[in-house]
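Participant: Residue 889 in this note's numbering sits at position 64 of the sequence shown, with consecutive numbering throughout.
First the structure, which I've put down as structure tokens, then a few questions once you've had a look.
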Amino acid sequence: MKASELLQKDQAALNQELSDLLKAQFGLRMQLATQQLTNTSQLKKVRRDIARVRTVLTQKANQK
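Written as structure tokens, this is what we have:
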């Protein structure tokens with residue numbers, strides 16, 4: 826997800842997106858641990874998406 830898309834969302838939507846990404850990250854880590862994950866680059870993508878969402882949340886909090 827692009828940062829420009831995230832900037833258009835409100836704080837509640839960003840918190841929901843963060844929650845979804847954290848659940849996805851947990852699922853991917855479990856798949857990795859049980860040797861079911863074939864595309865390990867998904868972990869990197871989800872981790873960076875989490876960082877993007879947290880960055881936008883911090884930016885919006887500092888604007889107030």
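Yeah, the Cβ is synthetic: ideal placement off N, Cα and C, and Gly gets one too.
I'd like the span of the alpha helix (DSSP H) that includes MET855, first residue to last.
Facilitator: Translated into the one-based positions of the sequence shown, residue 855 becomes position 30. Where MET855 is concerned, the enclosing alpha helix (DSSP H) stretches over 836 to 858.
Participant: Measuring CB atoms only, is the segment 831 to 843 touching the segment 869 to 888, in the sense that at least three cross pairs come out at less than 8 Å?
Facilitator: At 8 Å Cβ cutoff, the stretches touch.
Participant: Leaving out five residues before and five after VAL871 in sequence, what residues of the same chain have Cβ atoms less than 7 Å from its Cβ?
Facilitator: Counting from one through the sequence shown, the residue named residue 871 turns up at place 46. Correct list, in chain order: LEU846, ALA849, GLN850, LEU853.
Participant: Would you tell me roughly how many angstroms separate the C-alpha atoms of ARG879 and LEU843, rounded to the nearest one?
Facilitator: For the purposes of this step, residue 879 is taken as the residue at position 54 of the sequence shown. For the purposes of this step, residue 843 is taken as the residue at position 18 of the sequence shown. Approximately 8 Å, taken between the alpha carbons.
Participant: When DSSP labels each residue in this structure, what does ASN864 get in the three-state scheme?
Facilitator: As a position in the sequence shown, residue 864 is number 39, starting the count at 1. The answer is coil: DSSP assigns ASN864 none of H, G, I, E or B.
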